[in-house]
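Note sheet for the following structure.
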Amino acid sequence: MFPLFSILNRGKKSISLNLRRKEGQEIFRRLIKKSDVVVENFVKETMEKWNLGYKLLKEINPRLIYAKISGFGNEGLDRYTKKTAFDLIIQAESGILDALDIKEGPPKLPIADYTAGHVAAIAISQALYYREKTGIGQFIDISMHDLMYAINMRAQAKEFMPMAQKLDLGSKFLPIYNQYSTKDGLIVFTTLTEKQWVKLAEEVLKKPNLLNDPRFDNPIKRFKYVDLLDDMIENWTKTLTTEQALKILESHRIPCGRSISMKEAVNHPNLRARGILNQQFDFSKWTVEKASIPGPLIRFSETKGSVESAGPEFKSNNDDIYCGLLGYTRDDLDQFKKKKLI
Numbered sequence: 106m107f108p109l110f111s112i113l114n115r116g117k118k119s120i121s122l123n124l125r126r127k128e129g130q131e132i133f134r135r136l137i138k139k140s141d142v143v144v145e146n147f148v149k150e151t152m153e154k155w156n157l158g159y160k161l162l163k164e165i166n167p168r169l170i171y172a173k174i175s176g177f178g179n180e181g182l183d184r185y186t187k188k189t190a191f192d193l194i195i196q197a198e199s200g201i202l203d204a205l206d207i208k209e210g211p212p213k214l215p216i217a218d219y220t221a222g223h224v225a226a227i228a229i230s231q232a233l234y235y236r237e238k239t240g241i242g243q244f245i246d247i248s249m250h251d252l253m254y255a256i257n258m259r260a261q262a263k264e265f266m267p268m269a270q271k272l273d274l275g276s277k278f279l280p281i282y283n284q285y286s287t288k289d290g291l292i293v294f295t296t297l298t299e300k301q302w303v304k305l306a307e308e309v310l311k312k313p314n315l316l317n318d319p320r321f322d323n324p325i326k327r328f329k330y331v332d333l334l335d336d337m338i339e340n341w342t343k344t345l346t347t348e349q350a351l352k353i354l355e356s357h358r359i360p361c362g363r364s365i366s367m368k369e370a371v372n373h374p375n376l377r378a379r380g381i382l383n384q385q386f387d388f389s390k391w392t393v394e395k396a397s398i399p400g401p402l403i404r405f406s407e408t409k410g411s412v413e414s415a416g417p418e419f420k421s422n423n424d425d426i427y428c429g430l431l432g433y434t435r436d437d438l439d440q441f442k443k444k445k446l447i
């Protein structure tokens, strides 16, 4: 588990602190005086039980921004807001598993966790900007369930589009929006505009008659007969190598790409060119000697970023934070350890 933890928490620091103990809570409040942001994902009212809820903390630091990420939000029905929820539960309760046509087994990626973290970062940035203007901090309530429903466009389409309710197309989302087999692999491509559809029919498939076929003369009809279209397309792609098919599609400006393995993904040439995979760190204690960790994912023209370290070992920064930032002594830390506070 640690290599994954280290990748997810690259560039961070780690301390230990027992928040169930009153002395631990006091240390936390001392840290709050020097903090801009708190992010937590405990079950509702856990922090309040420890006397560390937002209302109490903002009395210590009125400029504090407090972001709470939870499964079903801080406000809502108790049945949901007070329940422990992980990514799996949220994907299921938001219809994402159904939208992705996952009938058995768990989801393949923790998209609810990732989405919540990214949205939290955006929300915190907005709150920091507001604080810059007003001097006032605030509480941010982030529901993973809200976010997953918001990105579940299939569920929303079925609610608002009568045609989508009538069509049962499994995991199909749009006409010509799929993976197709080639001689040596898989490609993906789509025709989202009418111009792209015309190019595909006339120039790529060499079937201009499709444009006048009453089954395909508008997007809704193409959606209805998507399986027939997919068969036609794959009959074409199977005659070509991946590179040959991509070259033809790209020459007609039809959006396309290779569908690659995870092993290939970690060596993608464009990620290397952008420096995303160029920083390596030592993982020999747990697994392979060295591995690439994703670099900064956002580029700023004026502030260049880098990943200074892989994720920390648990409580490896106790001395830095407690002594360096909060002013405790080494003797204090020894006492904290004896009392099992850290």
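In terms of the numbering used here, the sequence shown opens at residue 106 and continues consecutively. C-beta: ideal position from N, C-alpha, C; glycine also. Here the structure is a predicted model, which is why all the values come from computation and not from measurement.
request  = May I ask you to report which of helix, strand or coil DSSP gives K271?
outcome  = Confidence is the limiting factor: at K271 the pLDDT is only 47, short of 50, which leaves the residue's position unreliable and the question unanswerable from this model.
query = For L252, which three-state DSSP category applies?
reply = helix
task = Compute the Euclidean distance between the alpha carbons of G416 and P360, then round it to the nearest angstrom.
result = 37 Å
key: Buried/exposed call for M152, threshold 16 Cβ in 10 Å   = buried
task = Report the option in K300, Q196 and Y285 whose CA atom is closest to the CA atom of K343.
result = Considering only alpha carbons, the answer is Y285.
key: Paired residues, beta bridge with T295 - DSSP   = Y282
message = Which residues does DSSP list as the beta-bridge partners of R363?
response = In the DSSP secondary-structure assignment, R363 is bridged to I292.
Inter-residue spacing [alpha-carbon to alpha-carbon] between V224 and D251 = 11 Å
inquiry  = Distance check for L334 and P202, CA to CA, integer angstroms please.
reply    = Reading off the sequence shown, one finds Leu at residue 202, where the question assumed Pro. Distance from the CA atom of L202 to the CA atom of L334, rounded to whole angstroms, is 26 Å.
inquiry  = Is it buried or exposed, I227, if we count other Cβ atoms within 10 angstroms and call 16 or more buried?
reply    = exposed
task = Return the CA-CA distance between L169 and D246, expressed in angstroms with no decimal places.
result = Across the structure, L169 and D246 are spaced so that their CA atoms are roughly 14 Å apart.
query = Taking the alpha helix (DSSP H) that D206 falls in, what are its first and last residues?
reply = Where D206 is concerned, there is no enclosing alpha helix (DSSP H), given that its DSSP letter is neither H nor E.
request  = Return the chain-ordered list of same chain residues with a C-beta closer than 7 Å to the C-beta of R320, the five sequence neighbours on each side being excluded.
outcome  = K326 and Y330
request  = Quick one: grab the DSSP three-state call for E145.
outcome  = strand
request  = May I ask you to list the residues that DSSP assigns as paired with Q385?
outcome  = S397
message = Taking the alpha helix (DSSP H) that K154 belongs to, which residues open and close that run?
response = T151 to K154
ask   = How many Å lie between T287 and I281 at the Cα?
value = 16 Å
key: Neighbour-count burial assignment, R377, 16 or more Cβ in a 10 Å radius   = exposed
inquiry  = For D183 and I195, I'd like the C-alpha separation in whole angstroms.
reply    = 16 Å
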